[in-house]
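To keep things clear, I will list the structure first and then write my remarks on it.
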Amino acid sequence: MNSALDSALSILQGAFSSIVGAPLHEELDYHISKTSPNDRPTRKRDLQAAIADVDETVNSVRAIHDVVTVMLNTLRKKRAAFYHALQSPVHSLPNELLQRIFSELLQEAEGSDIVVALTHVCSSWRSAALGSGRLWEHVKVRTASSLLELVAHSAPHPFSLDLELPLGMSRGLSGSPMIYLLPKDAERLKSLSLGDSSILRRVGFPDSVILFNLQTLRLDAGLSLDFNPIPPLPSTLHSISKLMIHDWDRPRYVMNNSPWPQLTSIYFENSSVTSVARVLDRMAAPCLTNLFFAKMTDGFWTGFFNIMREPPRSIRSMSIIDSNHFIDAFATNFLLLPNLTSLTLVRLADETGCHWETLVSVKSTRAWMQAMT
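Be aware that the sequence shown starts at 34, since it is given in this note's numbering, and climbs by one per residue.
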């Protein structure tokens, strides 16, 4: 009898030794030793004592069994939950399909915000989203923490960064300007957009940030706070070929005579005539050949040609989008741009309210004016 009990307890001990833990394991060893004396009892009193020991051991083992049963039920429920989660669409979608979904979302205006939010669903979604090169074509950042996180995850993709910050919210961790939070090795940055460019007037671009491959710089909302000129550009930004200026309304917002050796195009939108004229007058950009104007206010063009008596003579192409009264002003001032060879007009309204929908390419401004007359 004792040998059978010894065998049963040994099996029970071995089956649950990894579950019950050290204290219960030691307790089983103790009960086995009590129920397996070397000298088998022969007298009635000894037999009764042995039976009592066995009953006590059975009760103890049952208590252990109850604990183990509860543990097993908990483990079964956890396993079932994990299994169902594994079978859910969140985890069952293949990476190819996830990347296609993310690519479709990124075509929307707020697509990058949605995709970045979806990276928090699970690790597989995070890997698929952050591993998509398309995500990094235009990433919007509104907080310092997300800036550091996204830049850290962007490797090895070239990326375009949009610091889309409300006025007065351009500072990040420890009160430092957001632009100073860019990593020193951000050479993969191809495009940078600053939603509150007034920070440049206060602190300028940090020399510590290496941006040798930056090609496009966009400055928005340059109408706030002080009127100090932008400090000279560091040599790390001399690779910029496209400058985009939006909503510059203060005429005293000017730029120092910084060298822009690779700059070929400037895009102005909804900016004052004085601001535009001062930008073109102050920058040294020998390769500047293309100008784009969009949504300029009424009277802009008359004022533009009056102020800019010496526009950059290197300009070869101009695109005018949704701006009024350009043709009349240009007709009397086209000789100020002797090298202009291409003129694009889109959605222009004349004084009668008629709209032009045209694309014009000419060999010279004189030939274009002759064709117009």
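The beta carbon of each residue, even a glycine, is placed where N, CA and C say it ideally should be. Bear in mind that the values here come from a model prediction, so they are computed numbers and not experimental data.
Item	Value
Distance check for M351 and W293, CA to CA, integer angstroms please.	19 Å
Mind checking whether S304 and S274 have CB atoms under 8 Å apart?	no
With a cut-off of 8 Å on the beta carbons, I'd call T335 and A362 a contact; round off their distance for me.	5 Å
Helix, strand or coil: which one does DSSP assign to V154?	coil
When you compare only the Cα positions, how much space is there between I97 and S157?	40 Å
By Cβ distance, which residues of its chain are closer than 6 Å to H271, with the 5 residues on each side in sequence left out?	P294
On the DSSP bridge list, what partners appear for P292?	A317
Kindly indicate the opening and closing residues of the alpha helix (DSSP H) around L131.	128-138
Based on DSSP bridge pairs, tell me the residues matched to N246.	N246 pairs with nothing; no bridge assigned.
Measure the Cβ-Cβ separation of L29 and D253 and say whether it is below 8 Å.	A query on residue 29 cannot be resolved here, the shown segment of the chain reaching from 34 to 406 and no further.
Alpha carbon to alpha carbon, how far is T377 from R133? Give it in angstroms, no decimals.	36 Å
Is it right to say A161 is buried, meaning 16 or more other beta carbons lie within 10 angstroms of its own, or is it exposed?	buried
Where does the unbroken alpha helix (DSSP H) through N339 begin, and where does it stop?	333-340
By Cβ distance below 6 Å, which residues in the same chain neighbour T385 in space, the five residues on each side in sequence not counted?	Bear in mind that a pLDDT of 47 at T385, under 50, signals an unreliable position, so the model cannot answer this.
Between H271 and chain D, is the shortest Cβ-Cβ distance under 8 Å, so that the two count as touching?	Of the chains in the structure shown, none is chain D; there is only one protein chain.
Do you know whose CA, among A85, L370, N92, lies nearest L321's CA?	L370
Is the beta carbon of T249 sitting closer than 8 Å to the one on M277?	yes
Which residues in the same chain as I354 place their Cβ atom closer than 6 Å to its Cβ, once the five residues preceding and following it in sequence are excluded?	A327, V379
To the nearest angstrom, how far is it from the Cα of K111 to the Cα of Q81?	45 Å
Are the CB atoms of V149 and L138 within a distance shorter than 8 Å?	no
With the cut-off set at 8 Å, would you say N366 and F338 are in Cβ contact?	yes
Within the continuous alpha helix (DSSP H) that includes I360, where are the two ends?	359-364
Going by DSSP in three states, N106 sits in which element: helix, strand or coil?	helix
Hey, how far is the Cα of D99 from the Cα of H153?	40 Å
What number of angstroms, rounded off, separates the C-alpha of T374 from the C-alpha of L324?	12 Å
In the DSSP assignment, the beta strand (DSSP E) including F301 goes from what residue to what residue?	298-302
In the DSSP assignment, the beta strand (DSSP E) including N323 goes from what residue to what residue?	323-327
So if DSSP puts K275 in a beta bridge, which residue, or which two residues, is it bridged to?	T249, S298
Sort out for me which residues DSSP pairs I353 with in a bridge.	F326, L378
Could you please give the first and the last residue of the uninterrupted beta strand (DSSP E) stretch that includes S305?	Taken as a continuous stretch (DSSP letters only), S305 belongs to no beta strand (DSSP E), as it is neither H nor E.
What is the residue span of the beta strand (DSSP E) that L225 lies within?	222-227
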